[in-house]
Amino acid sequence: ASTLFARSELKNKHIVLEIQKAIARVERIVNSTLLFTKGVHINALNFNLLELKEECESAINSYNFTSQIDFEISFLNKQICADKALLGLVLQNLIYNAIDAIEESECEKPMIKILASCDNEKICIRVYDNGCEIKDEKLVFEAFKTTKLKGNGLGLSLSKEIINAHKGELSFQSDPKNFYFTLPLV
């Protein structure tokens, strides 16, 4: 797709970008399905939390949405030991769900905040959005259950497995609406 982008005329570049985003979406679905069926195995390494900020920015830039969303991303300059790729996948799922909730609600001032905090025992990363409310709180983390047109119902259940494998917790609050995960500091 990147070769096609380089060779296409300026007037067609937006079409190629849409193709690239669609390919990325299919790839995410396939990879999530494989990870879900094989089970989650973490490869914990030391890295700086600021690297997850870059993962968030990349996820935002690769997702196809039309709303003019105000993003606020704040991470800590802190070393942790975890599987960065899997935590990136969790954040990607939470961000995409937040974007979809905003797109579905058509709110006046769409906003997503991704904030990290830390105490002596754990880190916490929250993804806030002002999109539509959570429809069925009992089914939020159940596999293959979704209320969205686009999606397969694996994102949150897989994210919960990933966070559980890190001996953490993934949950949500309704007011203000946010999904968050905590990880123990080792």
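In this text, residue positions in the sequence shown follow the working numbering: the first is 954, and each later residue adds one.
Virtual Cβ for every residue (Gly too), placed ideally from N, Cα, C.
Linking E1074 to P1137 through their CA atoms gives a straight-line distance of about 6 Å. Cβ neighbours of L1029 within its own chain (closer than 8 Å, five residues either side excluded): L1002, L1003, A1069, S1070, C1071 and I1076. The region 1026 to 1040 makes no contact with the region 1080 to 1089; the number of CB pairs closer than 8 Å stays below 3. By a beta-carbon distance limit of 8 Å, K1130 contacts I1087. Their separation comes to about 7 Å. With contacts defined by Cβ atoms closer than 8 Å, I1048 and F1000 do not form a contacting pair. Assignment of V969 by DSSP, reduced to helix, strand and coil, places it in the helix class. In the structure shown, the three-state DSSP call for S1020 is coil.
Bounds of the beta strand (DSSP E) holding E1122 are E1122 to S1127.
Nearest C-alpha to S1112 among F1134, K1091 and D1128: F1134.
Collapsing the DSSP output to three states places A1118 in a helix.
Inter-segment contact for the region 1010 to 1026 and the region 1047 to 1065 is present: three or more beta-carbon pairs are separated by less than 8 Å. Secondary structure at A1054: helix, using DSSP grouped into helix, strand and coil.
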